[in-house]
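Position 392 of the sequence shown, counted from 1, bears residue number 392 in the UniProt record's numbering, the numbering being contiguous throughout. The structure under discussion appears below in the form of structure tokens.
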Amino acid sequence: MGTSSGSNIHQQPSSRMLPPRQQPRAGGLQTSLSLVSSDPRLSPEEPRSNSDHRRESPTESASSRETWPTADVIMAKKMENGKAENDCPEQSVIRRLSSADKISLREIAGERVDIIAEKMHHLPDEFQEELKNNLRVILDGNGGSQQREEIFILQKLVQSRADLTAKTLIRAHRVQLEILVAINTGILAFLHPNISLSQTSLIEVFVYKRCRNIACQNQIPADDCTCEICTKRNGFCNLCMCVICNKFDFEVNTCRWVGCDLCSHWTHTDCAIRDGLISMGPSGKSGAGPSEMLFRCRACNRTSELLGWVKDVFQHCAPAWDRESLTRELDFVSRIFHGSEDPRGQKLFWKCEDLKEKIESGLAESTAACRAILMFFQELEGDSPKSLENGESERLIAPQEACNRIAEVVQEAIRKMEMVADEKMRMYKKSRMAVDACDRELQDKAREVQELKLERQKKKNQIEELEKIVRLKHAEADMFQLKANEAKREADRLQRIALAKSDKSEEEYANSYLKQRLSEAEAEKQYLFEKIKLQESSRASQNGGGGSGDPSQLLMYSKMHDMMPNERHPFRKNP
């Protein structure tokens, strides 16, 4: 739906041109990772699946969430910018930084640009990459409420500053600018190592002069659009963003987006259903025709019919869809036409429901379901009001023509039965191949189990050997401990014997010393006694006559003098 330059699908009188979203882009864009909203009033939410089978549109479906490119898109963008960087940065030694030199994400979000830029110039590349990794973790949103609160604080700091203009951001450091843009937009892609935008492009994205979609990067407002939404909504790009939720994704060849035939603005199908922009209304340019499902564009407030748009999308894109994509697209169509009061819209709704059930239950392959829905659109074309009017005028036909038509119907029925038989045969062969694959897998698993048992037995034997060695070592340790105890007891005994002998020798020495001293004392006593006796006899002889004395006494005195050593008696003198 919607016209756009570069579309390779021609407009038909009874249908709509496919939007530019239907064209595949270089690298194969596809939905990837949900990102945090750039609106500071909206807290990040957990991603929801867009394959919900409820009839009502979800509160906020996955189609209204910003996503960023996969690896193929990143490499394509990298080649466009003419830069080739290594996927894995070289490892290097990280220089230690003091706490005063380090910079936090909050400082980058709140401090002056020139001050932070000066600090960033002195930081090693490893620390700058660590800052980007920390912000990637926060934007990823897997950490729960704490990370959501942190990104809300960072966005509030950035978006409340009036000094962040194009002039001041020119002086910003490259990594500092990437971090500011990632915080402001909430998009992880600006931190990816393989995406390198110019300094000017990053500044324009920050000040809402360029689309924040990495795969779009058009100047804003796109195509110099002067509508109220493009001129008053900051950062809005009518080429890739939803008019309602202001977010983008990389879905192509899908009914997930619906565009206006007149102003070419785009809206997520889920957002349009949720806001009541898809509803019944009078068809035809005059507005006097029968009611059918219409889409009302919020940008220009004009309507576009949906049945022809869905038919064009399926006719040009369905053959390339796989099973999962076809099921998802059928779910989108059934949600669009759930409340249809138009007979053709109701038939389309029930047909989508029936095909979805068959695909999910395995009763129909995607190729058969694709052929069935395309054939159904052809039948719907015959049920159009114009076709019915032509049929009324030709109700009466000749018998031969009636027989021919009956033969055509029978042949068509036979052809369909043959198609069903072929499909069943393919399903049987596929099931047989699946059973054979399961048997082979069971055999492989049995061999693996046997190998695991052998390995387990081997490990068990090794454990038993180790246990034997441990027990032997314990026995040796006990034996050595016993010998050590015996040696200690023997040493104690020898020590006691040595102490006893030492005490006894000391006692004997003391006794011998005392005996010697006693004998010396006795000799001294005898000497003194003899001396006294000699002196008395000498005085007696002197008193008796004054002569030379008795010869016998003199002889005795001479003998006593010879018996006693001179050194013991220093008082004695030679005559």
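Even for Gly, the Cβ is constructed at its ideal location relative to N, Cα and C.
Beta-carbon spacing of alanine 318, cysteine 271 below 8 Å = Counted from its first residue, the sequence shown places residue 318 at position 318. Counted from its first residue, the sequence shown places residue 271 at position 271. No.
Report the three-state DSSP secondary structure of threonine 185 (helix, strand or coil).
-> As a position in the sequence shown, residue 185 is number 185, starting the count at 1. Reduced to three states, the DSSP call for threonine 185 is helix.
Inspect the beta-carbon positions of valine 113 and threonine 168 and report whether they are closer than 8 Å.
-> What you label residue 113 is simply residue 113 of the sequence shown in a count that begins at 1. What you label residue 168 is simply residue 168 of the sequence shown in a count that begins at 1. Against a cut-off of 8 Å, the Cβ pair of threonine 168 and valine 113 comes out as a contact.
Contacting residues, own chain, Cβ-Cβ under 8 Å from histidine 121 (five flanking each side not counted) = The sequence position of residue 121 within the sequence shown is 121, counting from 1. Here the set comprises His173.
Buried or exposed for aspartate 125, please, with buried defined as at least 16 other CB atoms from any protein chain shown within 10 angstroms of its CB.
-> For the purposes of this step, residue 125 is identified with residue 125 of the sequence shown, where counting begins at 1. Burial call: exposed.
Start-to-end residues for the alpha helix (DSSP H) that takes in phenylalanine 206 = As a working mapping, residue 206 is identified with position 206 in the sequence shown. Residues 199-206.
Isoleucine 497 classed as buried or exposed, judged by whether at least 16 other C-beta atoms fall within 10 angstroms | Here residue 497 corresponds to residue number 497 of the sequence shown, with the count starting at 1. When all chains shown are included, isoleucine 497 counts as exposed.
Classify serine 286 as helix, strand or coil using the three-state DSSP reduction.
-> Working through the sequence shown from its first residue, we reach residue 286 at position 286. Bear in mind that the predicted position of serine 286 carries a pLDDT of just 46, short of 50, making it unreliable; the figure below should be weighed with that in mind. Coil.
Using the Cα positions of arginine 344 and leucine 380, report the straight-line distance between them to the nearest angstrom.
-> On the sequence shown, position 344 is the one that residue 344 refers to. On the sequence shown, position 380 is the one that residue 380 refers to. Answer to the nearest angstrom: the Cα atoms are 7 Å apart.
Reduced DSSP category for glycine 259 - H, G, I as helix; E, B as strand; rest coil = Indexing the sequence shown from 1 puts residue 259 at position 259. If DSSP states are grouped into helix, strand and coil, glycine 259 belongs with the strands.
Rank Glu341, Asn213, Ala222 by C-alpha distance to the C-alpha of phenylalanine 250 and give the top, closest one.
-> By 1-based counting over the sequence shown, the position of residue 250 is 250. The candidate whose alpha carbon is nearest that of phenylalanine 250 is Asn213.
Of all the options Asn142, Gly141, Asn184, Ile414, which has the alpha carbon lying nearest to the alpha carbon of arginine 161?
-> In the sequence shown, the residue the question calls residue 161 occupies position 161. With distances taken between Cα atoms, arginine 161 lies closest to Asn184.
For alanine 222 and lysine 429, the rounded distance between their alpha carbons | Along the sequence shown, read from residue 1 onward, the residue named residue 429 stands at position 429. Along the sequence shown, read from residue 1 onward, the residue named residue 222 stands at position 222. Rounded to the nearest angstrom, the two C-alpha atoms are 53 Å apart.
How do the region 319-327 and the region 354-371 stand: do at least 3 beta-carbon pairs fall below 8 Å, yes or no?
-> yes
Nonlocal neighbours in the same chain, by C-beta distance under 6 Å from glutamate 353, ignoring five residues either side | The residue you call residue 353 lines up with position 353 of the sequence shown. Excluding sequence neighbours, glutamate 353 sits near Ser334.
On the three-state DSSP scale, how would you describe cysteine 370?
-> In the sequence shown, the residue the question calls residue 370 occupies position 370. Residue state, collapsed to three classes: helix.
Grab me the residues of glutamine 176's own chain with a C-beta within less than 7 Å of its C-beta, minus the 5 sequence neighbours each way, in chain order.
-> By one-based count along the sequence shown, residue 176 stands at place 176. So the list reads Ile108, Ile116, Ala117, Met120, once near-sequence residues are dropped.
In terms of DSSP beta bridges, what is phenylalanine 295 paired with?
-> Your numbering for residue 295 matches position 295 in the sequence shown. Beta-bridge pairing links phenylalanine 295 to Ile278, Ser304.
With 16 as the cutoff for other CB atoms within 10 Å, does leucine 180 come out buried or exposed?
-> By 1-based counting over the sequence shown, the position of residue 180 is 180. Buried is the call here.
Can you tell me whether isoleucine 469 is buried or exposed, with buried defined as 16 or more other CB within 10 angstroms of its CB?
-> By one-based count along the sequence shown, residue 469 stands at place 469. By the 10 Å Cβ count, isoleucine 469 comes out exposed.
Pick helix, strand or coil for phenylalanine 321, following the three-state DSSP scheme.
-> The residue you call residue 321 lines up with position 321 of the sequence shown. According to the sequence displayed, residue 321 carries tryptophan and not phenylalanine. Here tryptophan 321 sits in coil by DSSP.
Residue burial classification, phenylalanine 332 (beta-carbon count within 10 angstroms, cutoff 16) = Here residue 332 refers to the residue found at position 332 of the sequence shown. With 16 or more other Cβ atoms within 10 Å, it is buried.
Please classify cysteine 242: does DSSP put it in a helix, a strand, or coil?
-> In the sequence shown, residue 242 corresponds to position 242, counting from 1. Correct three-state label for cysteine 242: strand.
Output the distance between the C-alpha atoms of methionine 241 and threonine 267, rounded to the nearest integer angstrom.
-> As a first step, residue 241 must be located in the sequence shown, where it is residue number 241. As a first step, residue 267 must be located in the sequence shown, where it is residue number 267. Going from the Cα of methionine 241 to the Cα of threonine 267 covers about 7 Å.
So, are the CB atoms of cysteine 255 and alanine 299 less than 8 Å apart?
-> Counted from its first residue, the sequence shown places residue 255 at position 255. Counted from its first residue, the sequence shown places residue 299 at position 299. For cysteine 255 and alanine 299, no; Cβs fall outside 8 Å.
Which residues in the same chain have their Cβ closer than 7 Å to the Cβ of glycine 110, if we skip the five residues on either side of it in sequence?
-> Looking up residue 110 in the sequence shown gives position 110. Once the five neighbours on either side are set aside, the close Cβ partners of glycine 110 are Leu157.
Distance, Cα to Cα, phenylalanine 295 vs arginine 328?
-> By 1-based counting over the sequence shown, the position of residue 295 is 295. By 1-based counting over the sequence shown, the position of residue 328 is 328. Distance between the alpha carbons of phenylalanine 295 and arginine 328 is about 20 Å.
Indicate the three-state DSSP secondary structure (helix, strand or coil) for glutamine 219 in the structure shown.
-> On the sequence shown, residue 219 is found 219 positions in, with the first residue counted as 1. Strand at glutamine 219.
Which same chain residues, not among the five before or five after cysteine 225, have their C-beta less than 6 Å away from its C-beta?
-> Here residue 225 is taken as the residue at index 225 of the sequence shown, counted from 1. Contacts found: Asn238.
Which of the three DSSP states, helix, strand or coil, is assigned to histidine 268?
-> Mapped onto the sequence shown, residue 268 falls at position 268. Reduced to three states, the DSSP call for histidine 268 is strand.
Spatial neighbours of serine 361 within its chain, please: CB distance less than 7 Å, with the 5 preceding and 5 following residues excluded, ordered by chain position.
-> Position 361 of the sequence shown holds residue 361. If we look at serine 361 and ignore the five residues flanking it on each side, it has no Cβ neighbours.
For the alpha helix (DSSP H) that proline 343 lies in, which residues bound it at each end?
-> In the sequence shown, residue 343 corresponds to position 343, counting from 1. First-last of the alpha helix (DSSP H) with proline 343: 343-361.
Residues that arginine 210 bridges to, as DSSP identifies them = Mapped onto the sequence shown, residue 210 falls at position 210. DSSP, once it has assigned bridges, lists Gln219 as partnering arginine 210.
Express the C-alpha separation of alanine 421 and histidine 265 in angstroms, rounding to a whole number.
-> The residue given as residue 265 occupies position 265 in the sequence shown. The residue given as residue 421 occupies position 421 in the sequence shown. About 46 Å.
Tell me which same chain residues have a C-beta within less than 8 Å of the C-beta of arginine 210, skipping the five on either side of it?
-> If you number the sequence shown from 1, residue 210 lands on position 210. Closer than 8 Å at Cβ, skipping near neighbours: Ser201, Glu204, Gln217, Asn218, Gln219, Ile220.
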